[in-house]
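Data block below; observations after.
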Amino acid sequence: MILVADSGSSKTDWMGYTPEETISFSTQGINPYFLNAHDIFKLFSKKKDIAAYADQVKEIYFFGAGCSSPDKVEVISNGISSFFTQAYVSVEHDLIGSAYATCGDKEGLTCILGTGSNISYYDGKNIHPGHHGLGYVLGDEGSGTFFGRKMITGYLYGTMPAELRTAFAKAYPVDKETVVTNLYQKPSPNTYLASISRFMADHTDHPYIIQILRDGFQEFVDSNIKDYSNYKTLDCHFVGSIAFYYQDILREICSKNHVRVGKIYQKPITGIFNYILRKEGITV
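Numbered according to the working numbering, the sequence shown terminates at residue 284, and the numbering increases by one at each position without gaps.
The structure is reproduced here in structure tokens:
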């Protein structure tokens with residue numbers, strides 16, 4: 001069996017291939033900044049449906065957030081290998097997987113707008129390292145964490161309109177103590193922030209939410225896309241739930257800035273899976 005994974009900080013999508021069947025499943029996000037190798041082993045051990053395939057898996061191609069340095073790649077590789085003991089394991093950055101899914105063998109920019117945000121230039125064969133993807137404290141413009149932070153601060157500072165404050169208070173138990181506890185004392189503060197951003201989905205027609213989305217996407221364009229001098233001549237592809245669900249406003253901001261939008265995928269896993277199988281010479 002061949003397994004392919006696309007992992008953000010919140011969720012990991014998996015697809016598997018054998019000549020007899022194709023399977024798919026999901027686990028929590030597997031990010032080496034928040035999980036160690038033992039945590040990853042325990043994650044798999046708790047899922048009986050995965051354990052049933054453990055000895056059958058011979059190759060694993062994992063593309064994940066946070067897998068941008070040798071030490072972080074090793075954390076993921078060790079964790080996966082300790083459970084799938086018979087498998088060859090390849091671990092690469094999620095931007096590479098996104099490029100495979102959206103660009104294929106063509107040149108372009110590939111952007112992630114999910115829990116976090118990132119961008120890279122893909123020449124049709126290789127990803128070129130950039131200086132973006134600084135994480136939820138320093139970067140992640142236009143991401144779930146970015147918008148979650150905007151929702152919380154708008155509520156706590158009292159700048160959120162009254163009708164939204166009422167709805168927000170019913171949806172989330174947010175006060176200063178709860179926020180500080182989740183951000184500074186509990187694991188995965190980035191996914192906590194991203195979960196708050198879901199509030200926007202039920203209020204996308206409210207001018208306050210529309211403006212926050214416009215401002216967030218504009219900040220992503222200014223900080224990330226415009227950093228590439230040739231951005232106007234390239235297709236710019238997006239993956240992730242934030243890009244997918246708010247694509248009307250994203251397209252509006254891109255058009256305003258002469259960004260040529262290509263594909264927008266909520267989940268790139270199917271595209272990555274098909275790309276890997278083609279490279280393996282497998283036709284499904």
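Built from N, CA and C at the ideal position, the CB exists for glycine as well.
As the structure is a prediction and not an experimental result, all values here were calculated from the model.
Run through the DSSP bridge pairs and tell me what residue i is partnered with.
i: G16; result: L3, I23
i: K106; result: Looking at the DSSP assignment, K106 forms no beta bridge with any residue, so it has no partner.
i: I112; result: N118, V239
i: H128; result: Y121
i: Q211; result: Q211 pairs with nothing; no bridge assigned.
i: V180; result: Partner(s): none; V180 has no beta bridge.
i: E92; result: F63
How many angstroms separate the CA atom of residue i from the CA atom of residue j?
i: N118; j: Q266; result: 15 Å
i: H38; j: K47; result: 15 Å
i: Y275; j: A101; result: 7 Å
i: D202; j: Y184; result: 28 Å
i: I30; j: D123; result: 27 Å
i: F244; j: K226; result: 21 Å
i: G66; j: T204; result: 30 Å
i: G158; j: T18; result: 55 Å
i: S90; j: F63; result: 8 Å
i: T110; j: E59; result: 26 Å
i: S68; j: H128; result: 12 Å
i: E219; j: G142; result: 7 Å
i: I269; j: V174; result: 33 Å
i: D13; j: G240; result: 12 Å
i: R278; j: I264; result: 22 Å
i: L156; j: T178; result: 11 Å
i: V4; j: I152; result: 35 Å
i: K186; j: F34; result: 11 Å
i: G104; j: V261; result: 16 Å
i: T166; j: A99; result: 41 Å
Is it buried or exposed, residue i, if we count other Cβ atoms within 10 angstroms and call 16 or more buried?
i: D6; result: buried
i: V259; result: buried
i: T22; result: exposed
i: K42; result: exposed
i: L79; result: What sits at residue 79 in the sequence shown is Gly, not Leu. Looking at its Cβ environment, which holds 16 or more other Cβ atoms inside 10 Å, G79 is buried.
i: V180; result: exposed
i: T115; result: buried
i: N224; result: buried
i: Y121; result: buried
i: P32; result: buried
i: V75; result: buried
i: Y88; result: exposed
i: V221; result: buried
i: A51; result: exposed
i: V57; result: buried
i: D248; result: exposed
Taking only three categories from DSSP, how would you classify residue i?
i: V137; result: helix
i: Q218; result: helix
i: Y172; result: coil
i: S117; result: strand
i: Q185; result: coil
i: K11; result: strand
Establish whether the CB of residue i and some CB of chain B are separated by less than 9 Å.
i: D202; result: Any reference to chain B falls outside this structure, which holds one protein chain only.
| request: Give, in chain order, every unbroken run of the beta strand (DSSP E) that is at least 3 residues long and sits entirely within the segment 30 to 89. | output: 59 to 64, all fully within the segment 30 to 89.
| query | At what residue ranges does the segment 226 to 283 contain a whole run of the beta strand (DSSP E), taking only runs of 3 or more? | reply | Complete beta strand (DSSP E) runs here, min 3: 235 to 239, 260 to 265.
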